[in-house]
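Encoded as C-alpha cells, the structure appears first; notes follow it.
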Amino acid sequence: GAVVSQHPSWVICKSGTSVKIECRSLDFQATTMFWYRQFPKQSLMLMATSNEGSKATYEQGVEKDKFLINHASLTLSTLTVTSAHPEDSSFYICSASPEGWAITIQYFGAGTRLSVL
Amino acid sequence: KNQVEQSPQSLIILEGKNCTLQCNYTVSPFSNLRWYKQDTGRGPVSLTIMTFSENTKSNGRYTATLDADTKQSSLHITASQLSDSASYICVVYHNNNDMRFGAGTRLTVKP
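Printed below as a string of C-alpha cells:
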C-alpha cells in the first residue's frame, strides 16, 4: 500500500523556538496533503489542507502565521510551528492523497509528538 | 453538533469476544465512508471503505456495514485479539474536498 513518512516522530523543544515537521509520500504523488492535530483521547482535528504549489487552506481558528505549511512538491509537505509554546504540545499527523478533489482515500503518517518545554 | 457520531465512546472486552462499533452520520452529500484503526501514538490506517451502494464488506475479522437510508454504519470485530486494542475512527467523505471525522471509539481487549 501507499506509504507516507513523517519525520521526526518525536521532538522536544524549548519555548520560543520553531519546529519543522516533514511529511513525504514515498510511492505516490500527493496531490493533496492534510495536517491534523490530536489531543489525548480525542479525534483528529484538521488544521489545514494543501495542494502542491498553492497556498494552504486553513481551518477556522488555526493561525496561519503560527503554523506555516509548505507543499512545494508532489511528495513533500512541511509544517513549521513557529515560536512554539507549551500549549502547542500535541500529536501532529499528516495525511496525503493522490486525489485533488472528491477525496476518497488518505494515507496517514505515523505522527509527530511535539513537547514544548 | 458533530456530523459523525460514534458509539460507544469506549469499550472493554475480553479476548476472543466479538464487538460492534457504531457510526451515525448526517453528512450530505455522501461519497464514501471509511473505518480507520489508530494505534496509540500512531497514524490511522484504513480498514475498509464503504461506498453508497455497498451494504456489507469484510476484511478478515472486520466486517463493516452501511445503511445509506438511515445513515448508519457499523464495524463488527470477530474473535477479538489483544492487538485489536486501538481507537477506531469513522470518517465520512463528501462529494468534494471535505471529510468529517467521528470522535472515535477506544477499544480495549483484555486477556
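Chains G and F, in that order, are what the protein sequence lines are.
So for the first sequence, the numbering used here puts the first residue at 1; every next one is plus one.
So for the second sequence, the numbering used here puts the first residue at 1001; every next one is plus one.
Note that the Cβ used here is the ideal one computed from N, Cα and C, for glycine as well.
Close beta carbons around Ser115/G, own chain, < 6 Å, minus the five adjacent residues each side: Ile12 and Ser89
Of the residues Pro1029/F, Tyr1062/F, Arg1042/F and Val1045/F, the one placed nearest Thr1051/F, counting alpha carbons only: Pro1029/F
Inter-residue spacing [alpha-carbon to alpha-carbon] between Met47/G and Leu1021/F: 27 Å
For Lys66/G and Thr82/G, believed in contact at Cβ under 8 Å, the rounded distance: 6 Å
Limits of the unbroken beta strand (DSSP E) element including Met1092/F: In the sequence as presented, Met is not what sits at residue 1092/F; that position holds Val. Val1092/F: member of the beta strand (DSSP E) spanning Ala1086 to Tyr1093, first to last residue.
For Ala2/G and Tyr92/G, believed in contact at Cβ under 8 Å, the rounded distance: About 20 Å; that fails the 8 Å criterion.
Proximity below 7 Å, CB of Lys1037/F to CB of Tyr1093/F: no
Beta-carbon neighbours of Ala1103/F, restricted to chain G and to distances below 8 Å: Gln42 and Ser43
His7/G burial status per 10 Å Cβ neighbour count (16 or more: buried): exposed
Supposed contact pair Thr112/G and Ser9/G - C-beta distance, whole angstroms, cut 8 Å: 6 Å
Chain G contact residues for Val1045/F, given Cβ-Cβ distances below 8 Å: Under the 8 Å cutoff, chain G gives Phe108.
Helix, strand or coil at Asp1067/F [DSSP, three-state]: strand
Limits of the beta strand (DSSP E) - the one that Asn1059/F falls within: Thr1056 to Asn1059
Which of helix, strand or coil DSSP assigns to Glu87/G: helix
Where the beta strand (DSSP E) through Lys1110/F begins and ends: Thr1105 to Lys1110
Stretch pair the segment 1032-1048 of chain F + the segment 1064-1078 of chain F: three plus CB contacts closer than 8 Å: yes
Beta-carbon proximity list for Thr57/G, same chain, < 8 Å, skipping 5 on both sides: The residues Ala48, Thr49 and Ser50, in chain order, have a CB closer than 8 Å to that of Thr57/G in the same chain once the five nearest residues on each side in sequence are set aside.
Min CB distance Arg1042/F to chain G below 7 Å: Taking Cβ atoms only, chain G reaches closer than 7 Å to Arg1042/F, which makes this a yes.
As assigned by DSSP and simplified to three states, the class of Leu1082/F: helix
Through-space distance from Cys1023/F to Ser1074/F, alpha-carbon basis: 6 Å
Interface residues of chain G facing Ser1031/F [CB-CB closer than 7 Å]: Chain-order list of chain G residues neighbouring Ser1031/F: Ala102 and Thr104, by C-beta distance under 7 Å.
4 or more residues per run - each alpha helix (DSSP H) lying fully within the segment 20-51 of chain G: Runs found: none.
Cutoff 7 Å; reference Ser1085/F; Cβ partners in own chain excluding five residues on either side: Around Ser1085/F: Leu1107, Thr1108 and Val1109.
Within-7 Å CB hit, Tyr1093/F to chain C: No chain C is part of this structure, whose protein chains are labelled G and F.
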